[in-house]
Amino acid sequence: MTNFRMSIDGKPTDGSDQFDVINPASEAVFDRAPQCSHEQLDAAMNAAQRAFGGWHRDETKRRQAIVKGAEILAAHGEQLARTLTQEQGKPLVQAQREISLASFRLKDIAERPLPHEVALDEPANRIDICYRPYGVVAGITPWNFPLQIAISKLAPALLAGNTMVLKPSPYTPLSTLLLGELLNRALPPGVLNVVSGGDSIGEQVTTHPLVRMISFTGSVATGKLIARAAASDLKRINLELGGNDPAIVLDDVDPVETGTKLFWAAFANCGQVCLAVKRVYVPEALFEPLVATVARLANAARVGDGMDPETQIGPLNNAMQLEKVTAMVQEARDQGAIIRTGGERLKRKGYFFAPTVLTEVDDKMTIVAEEQFGPALPILPYRDSDDVITRANATPYGLGASVWSSNMERAREMADQIEAGTVWINQHMVLTPHAPFSGAKWSGIGESMGRWGIEAFLQKRVINMMLG
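Residue numbers 94 to 561, in my numbering, belong to the letters of the sequence shown in order.
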């Protein structure tokens, strides 16, 4: 086994204990991760607080260190990718893509300007709006895209001048621990600290008195707990939470072409994407050909160990998520849903669930009303465009949505009515640094990506000068 260690004050650090990390493709222990103690967490927080004083004062050095970190990350891409696949389950080629995107994200952030505004500029009076870092930021990341999401937090936070204590999911800590070790070769001690452990250490991270901001990606339920914990100390929060993204297909598309695109928008990463398509609404005239296309692709998809180069869809990441998806599909079946393909756990070792397409479902079924976060896609017919908008919006979630049409005017008119942070037209799950990424309703608070993601880690300071 590899000796994975935490990063505290720039030093590789063993935990007070260790816990098992399971390979979801085999259900066997892949390796062990260090368990952070309360005293070690205090040490990480104190290191971040000490490092903040010098780090936030030198913008040039921050940019240089972030670029160097990107280069180190790229140079160790294969090691990171293999670790990621074995603890998360995704195909190796997708893990390699995640590393490449993470390295690109670091370089992109390092080149972006920090905000500064002049609100008033008169002979007798000038008002500058300056942006200042918060201090110590706690970053808490999920198990579906451990490295990509970690970078989406630490890159803008560090450029803005904050320091960070980063805690990954206990299901996928190893690649993030390795990330911390690599980036600390470029960063001053204490700027980035990476600790690992279960829910108890996560709670201690969010309530620690030195933390001034919490950036969390994960479930709505946990996000609400973090918001409550932050409120007692008035910590700032940035939350990217769950989604139940609808895809609305209009009657002027090619159902085979659109169905093919929707399949991968729903089943990428075994459906474990917060902004994946979770439910599809199709006009009655196109319903059967589109369902047939998605079902055919689901039935043909190669499901297997992510280390196998032939694998297209890996396992679910953990036993709890497998049980959740299994229960939701079974409940839908019991309530009259038709399983067009899949519908059950594969009979082999590993947390594998057959890519599943369901019809004869209604909006009240759990598989439609809640986020399944797995390889199971309900497809529903509709007749009236106003009615389908009402159905798409009848959810507490509002992360993303998509409209599919050959008529851009029709699609844009419908997109304007959808309650979501991002609405795509003729595509889905496309994130870009040219636009903010945020959620409406229960799907989040705050933004990421581009200049908006940098501003999320900064607080405004007004300098009001009387000149005359």
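Where a beta carbon is used, it is the ideal one built from N, C-alpha and C, also for glycine.
Please report the residue range of the alpha helix (DSSP H) in which R190 lies.
-> 185-203
Closest residue to V384 among E180, E502, D480, P474 (Cα-Cα distance) = P474
Looking only at C-alpha atoms, which of V450, K442, D102, N331 sits nearest to M306?
-> N331
What number of angstroms, rounded off, separates the C-alpha of G311 from the C-alpha of G295?
-> 12 Å
Could you spell out the range, first to last residue, of the alpha helix (DSSP H) harbouring E333?
-> No alpha helix (DSSP H) contains E333, which is instead part of the beta strand (DSSP E) from 329-333.
Under 8 Å, do L355 and W535 count as touching if we go by C-beta distance?
-> no
Would you report the Cα separation of F445 and I482, rounded to the nearest angstrom?
-> 34 Å
Between L280 and the rest of its own chain, which residues show a CB-CB distance below 7 Å, the 5 nearest in sequence each way excluded?
-> A158, G162
With DSSP run on the structure shown, which of helix, strand or coil describes F145?
-> helix
Return the bridge partner residues of D113 from the DSSP annotation.
-> R125
Length of the line joining the Cα atoms of L207 and A250 = 11 Å
Determine the closest residue to I431 out of T525, P471, S109, with distance taken between C-alpha atoms.
-> P471
Is the CB-CB distance between G283 and G493 below 8 Å?
-> no
Straight-line Cα distance separating G352 from L409 | 23 Å
Taking 7 Å as the line, does the beta carbon of G493 fall inside it for any heavy atom of the ligand SAM?
-> Here there are no bound small molecules, and the ligand SAM is not part of this structure.
For the beta strand (DSSP E) that contains T95, what are its first and last residues?
-> Taken as a continuous stretch (DSSP letters only), T95 belongs to no beta strand (DSSP E), as it is neither H nor E.
How about T269 and P263: do their beta carbons lie closer than 8 Å?
-> no
Reduced DSSP category for S499 - H, G, I as helix; E, B as strand; rest coil | coil
For D77, the nearest candidate out of V211, V229, G228, V230 (CA to CA) | Not covered by the structure: residue 77. The range shown for the chain is 94 to 561.
Just curious, the alpha helix (DSSP H) that D427 is in, first and last residue?
-> 412-427
Three or more C-beta pairs closer than 8 Å, one from the stretch 361-378 and one from the stretch 142-160: is that the case here?
-> no
Hey, would you say G228 sits closer than 8 Å to W148, going by beta carbons?
-> no
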